[in-house]
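Undergrad: I have a structure here, written as structure tokens, and I will follow up with some questions on it.
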Amino acid sequence: MFGRAVQRRLSLPLRFKPTPVRRWYASVPAAQDLTVHGERLWFCINYVAKYSAPSPGGVTRLCADEHDKLARDWFRKQVLQLGAEYSVNATGTQFAKFAGEDDTIPPIAMGSHLDTVATGGRFDGALGVLSGIEVIRSFREQGIKTRAPLVLINWTNEEGARFFPPLGSSSVYAGQSSVDAAHASLSNDNVGITMGSELARIGYVGNGPNTFEEFPLSAHFEVHVEQARDLEKAGKPVGWVEGWNGISYHEVVFTGEDGHANTYPMHGRRDALTGAAKLIIQLETLAYARNGYTTVVSIESGPRGTANIQSKTKLVFCLMHKEAEGLENMGADIARSIQGVAAMHGLDYTLNRLIHLPPGDFWPEAIDSVRQACGDKGIGSRTGTGHDSTMTSLKCPTGMIFVRSKDGISHSAKEWSNEQDCAEGALALGRAAIIQGPQYRFTLLSERLIRFEWAEDGQFEDRASTFAINREFPKPNFRVVDGDELQVITDHFLVSYTKEKFSPQSLVFHFNGKSIKYGSPWRFGTPAEFNLGGTARTLDGVDGRCDMGEGVLSKAGYAVIDDSKSMLFDDSGFVAPRRSGDRFDCYLFCYGRDYKDAVKALYAVSGKQPAIPRHVLGNWWSRYYAYHQDEYVALMDKFRAHDIPLSVAVLDMDWHYVSDERVPHAGWTGYTWNKDLFPDPVKFRKELHERYLQITLNDHPHGGIHANEDAYEEMAKFLNHDTTDKNPILFDPASPEFMKAYFSILHRKLEKQACDFWWVDWQQGPYSKIPNFDPLWLLNHFQYLDSAREGRIPLIFSRYGGPGSHRYPIGFSGDTVVTWSSLAFQPEFTATASNIGYGWWSHDIGGHIRGIRDDELLARWTQLGVFSPVMRLHSTSSRWMSKEPWLYGDECMRSMSLFLRFRHRLVPYLYTQSILGSSADEPLIQPMYWSYPHRNEAYEVPSQYFLGRDLLVAPIVQPRDRRTGLASVRAWLPPKGRFVDLFSGAVYDGGRGATFYRSIEQYPVLVPEGSIITLDGDAVPRNGCLNPDVLEIIVVVGQDGETTLIETVEDNTFNGASNPHRDLKQREISIKFQQQKGELVISGMQRRCIVRFLGLDSIPADLNLAIPSDENADISVSKLGHSAPCLSVDIPPLKPDVDIVINLVQNPQLAVQDHTPALEELIRGYQIEFGLKDRLWNAIEQGKGQPLKIISSLLALGCDDAVVGPLVELVSADGRS
């Protein structure tokens, strides 16, 4: 499980690829003043070349032979004379460490190799090691001491000329091989000698560090002769290497049949060597065809003799290509060629890929260091093969320096670089070592998003954090001015930095007019102005407002996320703490009023918002109460008897033992079913699943696992916990082993009995044994991953942990206080959370603690829940607070029941919008200013929001007036044509403010022209939120509209989480309305559907319905709900691939409504003096056809808004009337 912990960006397995964007580091004056002794370096190059077997004009120094030993001995002597701390590791690599100003910082390495190929030269490999020695000598002579320590490295068996595979020691260091595997490497001469035995023979198997984890590096630099002619052609002595081409080694063994070479018929031979020969020719052809390189590096054939047909031939060949796809294509091509050759000659074969190194880039920060070190004497280049540096690049910032080589020749006695060029390479190496290791780093992720870091120890973080799991963005446009101060400039901001520790004085961000309105700069460490808020960890005990923190949206145009304290994800898939010491790690979003783009950028760096299972969108029943399982099932049946659908059954903590004498603690934590209440959990699950209900169990994990728990012994055995004294197993989320047992033993047993997903109820704060290891984060992350096993759609129900928590839906906001103040804050709180990407809050609808009984409050809270991302009724154990609708007055019960049914009818729309939002990086719920960022009115209604694309919700959060029976809400209708109230059918002009007044059975949900809403066509939907048998489509004419209904085939039937989802294939139904033609086209519909044109109150004379002639449709004018007029077309199921086409009239418009009956009904219901009723009615009657006159007359009566407002609302709703 932990291996899936974070998004991986891999060049080789288990390695985070460096971000392909620009970073900048501080330089040190000594880097420019450094000189090296070229003659001394030249002498060493020629001196070490004498350690060689006979090799005319060249060098033959194979790994672990006598000549390699002499060269190693010379290296040891030189570095010890220079004062090194010297060691050798188990694979023979030599380390020579030199102290820096701060030895707590991991060292900066200069490394290469002293071994050569069989017919090599004096420069390849040795130049890198000897340049490092020369740099150390020059530093000593010139009094230069780097802040970080330095280490010279002579890597073992880089070439692989004597022992296969190459990169023998550096691959172990990078975690791509092991010491045992390296020791077992066989010699290429087939005499059975191993690298380990030969290293031991020459005395070079030591106890020094073998891996990066044992001996981490801050950076690794390598000087190497260029193996191409780019520098020679450009007239440059040195160059920085930006990356490497891909390379793979393959072994093919052809097996044929023995036979006499002089007597066996030619046509029947199965000659393995002939097949190999043909393959060799095809390899050469492949190189030209694919613009790559191919080389046969060894061939063995047998049986040996002068008269034997070759029955077994082994080839090892190498493929190289600059592109990953090209390398894979070459591999695929040659595999097909091998198959063809084998078939042609009747051969059997085996094919194995021995080594695979995809193309990759060195770390940008290291490239920048080398680029600065080379200055105008260098150019950028790439290497065509692997080096020790390609291995170290898997673990730390790594850069290579190329030195010009005559004709680009290497691995040959002819390789040649002149003395001056070698000196330039060593000089660049020394400068790069000085430049690397500053205290700041800027990473430009886009032109509007920048990461900025400062670290006291010069060590920066490239592991994923809980906030930032992806930093791989396309390269943006920018400019850099680097002098005494550093400036980074894009079209949206300018960074000004003095290269000191981050402070309001040293680091300033200036913004241009494109991005922000106010133009004020932001100084590090000062408040970021006008932030529009984010969300909070919990609403526990909140009565009214609370601090919502900060999101990535701001009226000032910029926002800052401080990621300095968050946990990190390591390469094993678990978490790791940040390094100790003073450090900052921050992100600045500069998106102006482009709020949706800002959140898309948040999702890009922090991970996408996942899709959720369909059943989440139904009604949840939740109560903190000790139910018996039969009582709970009976309650579910009672909801069904009242025609109230549900989809999730929540069991609070009393499912396990709480107050039982066997429980040795407060009882909040437990993992053993209370058999008095749940004697048969499996039966309980079966009964709820038969009712199409998912089950979630509450887990307060803080108490650990005590001896009374069923799983105690098994947990203890797994964790090697001593059970002698029955001591509890403490909850330890910082332990990978504990977490593994927690999920695979503790939770899994319960899941198999009766748990479809978990409600993780962590309330104990952000602390654990390790600083900044927040247990809530650990629980959310790993529980969510665990829930995805076996193909399930992952789901968790838990609290918000901080930025990045949107990756783990659903959110539990905590124990809500039962007051109007709590209700008033929740719409704003829910919508504002989207500013930090958190779009799936679930609240205790109706409240959980304290307060008083107020039926109207519960009804209004239920309505809010219905038009929220998640609808979950909840209450405490008090006998007076349970939220069953039938326990309340008739008026409240009718309202609750009506809206709870409508919630399930709304699921087709909500599910479609959630899937589209997950794909498009937009939360389901959005504040008004997301769509209208430049309208001040949008910011004045923070509790109003869009739910999906087409539902504008203006929640009512205050009690009604006792005289009118109506509650009100001040709203703003954006300039988007006209709007229709989904429940009353009233039409409103857009582009204005309005106050809506509604009875307890109505709620202001408005739909703009051009909207298409899909509903379950059943007036009383079933439990479980399954795909509906009948679809109802609401169309609001007046503008073009289009939608795509999305369903998952799996949701045709109920599927509890205990049976993993198997068929997640989606199907889509396209619905498109063209306003000018008055035409609606539905494609892909194969079930009965009812199309309702909301706001049309008559049947057009020319209405035309194009369906097969043998099918009949029912066309009528009816009401949506109780009062919204609509033209209805009821269409039977059709065959596949038949479009439904409904033609109204051209350019149809919403009907102009006569509100006189509605006005009369309002006044009739007022609990006021009859005389005042007469005056109100007279004002309406006398102004008929003149809305302004009616409004003026009503206002002149001197009544307060509660009385006059509802009448003014209707009279002024539609300017056409």
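When you line the sequence shown up against the numbering used here, it's residues 1 to 1217, in that order.
Glycine is no exception: its CB is placed at the ideal position from the N, C-alpha and C atoms.
(1) Is the separation between the beta-carbon of Arg162 and that of Ala49 shorter than 8 Å?
(2) Taking Cβ positions, are Val135 and Gly430 nearer each other than 8 Å?
(3) In this structure, what does DSSP give as the bridge partners for His656?
(4) Can you give me the Cβ contacts of Val253 inside the same chain, cut-off strictly under 6 Å, excluding the 5 residues immediately before and after it?
(5) From Ser197 to Asn210, what distance separates their C-alpha atoms?
(6) By alpha-carbon positions, which one of Arg792, Arg872, Glu1169 and Val817 ends up nearest to Ile852?
(7) Quick check: is any heavy atom of the ligand ADP less than 7 Å from the C-beta of Ser919?
(8) I need the straight-line Cα distance from Ser187 to Thr91, nearest angstrom please.
(9) Which of helix, strand or coil does DSSP assign to Met266?
(10) Whose C-alpha, out of Ala366, Gly340, Ile849 and Lys322, is nearest the C-alpha of Ile247?
(11) Where does Val1203 land, buried or exposed, given buried means 16+ other C-beta within 10 angstroms?
(12) Please give the ranges of any alpha helix (DSSP H) in the segment 80-120, keeping only runs that are unbroken, at least 4 residues long and fully inside the region.
(13) Assuming Thr60 and Thr119 make a contact with CB atoms under 8 Å, what is their CB distance in whole Å?
(14) Does Tyr25 come out as helix, strand or coil in the three-state DSSP assignment?
(15) What residue ranges within the segment 902-990 form continuous beta strand (DSSP E) runs of no fewer than 3 residues, ordered along the chain?
(16) In angstroms with no decimal places, state the Cα-to-Cα distance between Glu891 and Asp585.
(17) Less than 8 Å separating the beta-carbons of Ala1151 and Asp1201?
(18) Buried or exposed for Ala930, please, with buried defined as at least 16 other CB atoms from any protein chain shown within 10 angstroms of its CB.
(19) Enumerate in chain order the residues of its own chain whose CB-to-CB distance from Gly326 is below 8 Å, with the five nearest sequence positions on each side excluded.
(20) Ser1192 to Gly1185, Cα distance in whole Å?
(21) Leaving out five residues before and five after Pro613 in sequence, what residues of the same chain have Cβ atoms less than 7 Å from its Cβ?
(22) Please name the residue, chosen from Ala413, Glu365, Asp1029 and Glu1032, that lies closest to Ser393 on a Cα-to-Cα basis.
(23) Is the Cβ-Cβ distance between Asn470 and Gly607 less than 8 Å?
(24) At the level of alpha carbons, what is the spacing between Gly889 and Trp880?
(25) Helix, strand or coil for Gly993, going by three-state DSSP, please let me know.
(26) What residue range is occupied by the uninterrupted beta strand (DSSP E) comprising Phe511?
(27) Using the Cβ count rule (16 or more neighbours within 10 Å means buried), how would you classify Ala690?
(28) Can you pull the DSSP bridge partners for Cys1089?
(29) Can you tell me whether Val1208 is helix, strand or coil according to DSSP?
(30) Using DSSP bridges, identify the partner residues of Ser805.
(31) Would you kindly work out how many angstroms separate the C-alpha atoms of Thr878 and Val1036, rounded to a whole number?
(32) Between which two residues does the beta strand (DSSP E) carrying Tyr249 extend?
(33) Give every residue of the same chain whose Cβ lies closer than 7 Å to the Cβ of Gly948, excluding the five residues on either side of it in the sequence, and list them in chain order.
(34) Mapping DSSP to helix, strand and coil, what is Gln1182?
(35) Evaluate Phe946 with the Cβ neighbour count: other Cβ atoms within 10 Å of its Cβ, from every protein chain shown; 16 or more gives buried, anything less gives exposed.
(36) Given that a residue counts as buried once 16 or more other Cβ atoms are within 10 Å of its Cβ, and exposed if not, what is Ala986?
TA: Checking against the coordinates, here is how it stands:
(1) Here residue 162 refers to the residue found at position 162 when the sequence shown is read from its first residue. Here residue 49 refers to the residue found at position 49 when the sequence shown is read from its first residue. Cβ distance not < 8 Å, so Arg162 and Ala49 don't count as in contact.
(2) Residue numbering aside, residue 135 sits at position 135 when the sequence shown is read from its first letter. Residue numbering aside, residue 430 sits at position 430 when the sequence shown is read from its first letter. For the pair Val135 and Gly430, the CB atoms are nearer than the 8 Å cut-off.
(3) Indexing the sequence shown from 1 puts residue 656 at position 656. Its beta-bridge partners are Trp673.
(4) As a working note, residue 253 is residue 253 in the sequence shown. Closer than 6 Å at Cβ, skipping near neighbours: Lys314 and Thr350.
(5) On the sequence shown, residue 197 is found 197 positions in, with the first residue counted as 1. On the sequence shown, residue 210 is found 210 positions in, with the first residue counted as 1. A direct Cα-Cα distance of roughly 17 Å separates Ser197 from Asn210.
(6) As a working note, residue 852 is residue 852 in the sequence shown. Nearest of Arg792, Arg872, Glu1169 and Val817 to Ile852, Cα basis: Val817.
(7) Among the components modelled here there is no ligand, and therefore nothing to report on the ligand ADP.
(8) Indexing the sequence shown from 1 puts residue 187 at position 187. Indexing the sequence shown from 1 puts residue 91 at position 91. Take the alpha-carbon of Ser187 and the one of Thr91: they are about 15 Å apart.
(9) As a first step, residue 266 must be located in the sequence shown, where it is residue number 266. The three-state reading of DSSP puts Met266 in helix, counting H, G and I together.
(10) In the sequence shown, residue 247 corresponds to position 247, counting from 1. Comparing Cα-Cα distances from Ile247 to each of Ala366, Gly340, Ile849 and Lys322, the minimum goes to Lys322.
(11) Position 1203 of the sequence shown holds residue 1203. By the 10 Å Cβ count, Val1203 comes out buried.
(12) With a minimum length of 4 residues, no continuous alpha helix (DSSP H) run stays inside the segment 80-120.
(13) Position 60 of the sequence shown, counted from the start, is the residue given in the question as residue 60. Position 119 of the sequence shown, counted from the start, is the residue given in the question as residue 119. Correct: roughly 7 Å between the Cβ atoms.
(14) Within the sequence shown, residue 25 is the residue found at index 25, counting from 1. Confidence at Tyr25 is low in this model, with a pLDDT of 35, below 50, so the placement of that residue is unreliable and no value is reported for it.
(15) You should have 925-927, 945-947, 951-953, 967-973, 978-981 and 987-989.
(16) To locate residue 891, count along the sequence shown from 1; it is residue 891. To locate residue 585, count along the sequence shown from 1; it is residue 585. The straight-line gap from Cα to Cα measures roughly 55 Å.
(17) Mapped onto the sequence shown, residue 1151 falls at position 1151. Mapped onto the sequence shown, residue 1201 falls at position 1201. No, they are not a contact pair.
(18) To locate residue 930, count along the sequence shown from 1; it is residue 930. As written in the sequence, residue 930 is Trp, which differs from the Ala given in the question. Under this definition Trp930 is a buried residue.
(19) Your numbering for residue 326 matches position 326 in the sequence shown. Cβ neighbours of Gly326 beyond the five flanking positions: Gly246, Arg290, Asn291 and Gly292.
(20) Taking the first residue of the sequence shown as 1, we reach residue 1192 at position 1192. Taking the first residue of the sequence shown as 1, we reach residue 1185 at position 1185. For Ser1192 and Gly1185, the gap between their C-alpha atoms comes out near 13 Å.
(21) On the sequence shown, residue 613 is found 613 positions in, with the first residue counted as 1. Around Pro613: Ile793 and Leu795.
(22) Stepping through the sequence shown from its first residue, residue 393 is reached at position 393. Residue Glu365 is the option with its Cα nearest to Ser393.
(23) Within the sequence shown, residue 470 is the residue found at index 470, counting from 1. Within the sequence shown, residue 607 is the residue found at index 607, counting from 1. It is a contact, given that the beta carbons lie within the stated cut-off.
(24) In the sequence shown, the residue the question calls residue 889 occupies position 889. In the sequence shown, the residue the question calls residue 880 occupies position 880. Note on geometry: alpha-carbon atoms of Gly889 and Trp880 lie some 13 Å from one another.
(25) Within the sequence shown, residue 993 is the residue found at index 993, counting from 1. In the three-state scheme derived from DSSP, where H, G and I count as helix and E and B as strand, Gly993 is classed as strand.
(26) Numbered from its first residue, the sequence shown carries residue 511 at position 511. Leu507 to Phe511 is the extent of the beta strand (DSSP E) around Phe511.
(27) The sequence position of residue 690 within the sequence shown is 690, counting from 1. According to the sequence as given, residue 690 is Glu; it is not Ala. With fewer than 16 neighbouring CB atoms inside 10 Å of its own CB, Glu690 falls in the exposed class.
(28) For this step, residue 1089 is matched to residue 1089 along the sequence shown. BP columns for Cys1089 point to Leu1031 and Ile1131.
(29) For the purposes of this step, residue 1208 is taken as residue 1208 along the sequence shown, with counting starting at 1. Assignment of Val1208 by DSSP, reduced to helix, strand and coil, places it in the helix class.
(30) Here residue 805 refers to the residue found at position 805 when the sequence shown is read from its first residue. Paired residues: none, contrary to the question.
(31) Residue 878 sits at position 878 when you count from the first residue of the sequence shown. Residue 1036 sits at position 1036 when you count from the first residue of the sequence shown. As written in the sequence, residue 878 is Ser, which differs from the Thr given in the question. Each residue's CA atom was taken as its position, placing Ser878 and Val1036 some 45 Å apart.
(32) Position 249 of the sequence shown, counted from the first residue, corresponds to residue 249. Counting along the chain, the beta strand (DSSP E) containing Tyr249 begins and ends at Gly246 to Thr255.
(33) Within the sequence shown, residue 948 is the residue found at index 948, counting from 1. Cβ within range, chain order: Tyr909, Leu910, Gln913 and Leu924.
(34) To locate residue 1182, count along the sequence shown from 1; it is residue 1182. Correct three-state label for Gln1182: helix.
(35) Within the sequence shown, residue 946 is the residue found at index 946, counting from 1. Its Cβ being crowded by 16 or more others within 10 Å, Phe946 is buried.
(36) Position 986 of the sequence shown holds residue 986. The residue is buried, with at least 16 neighbouring Cβ atoms inside 10 Å.
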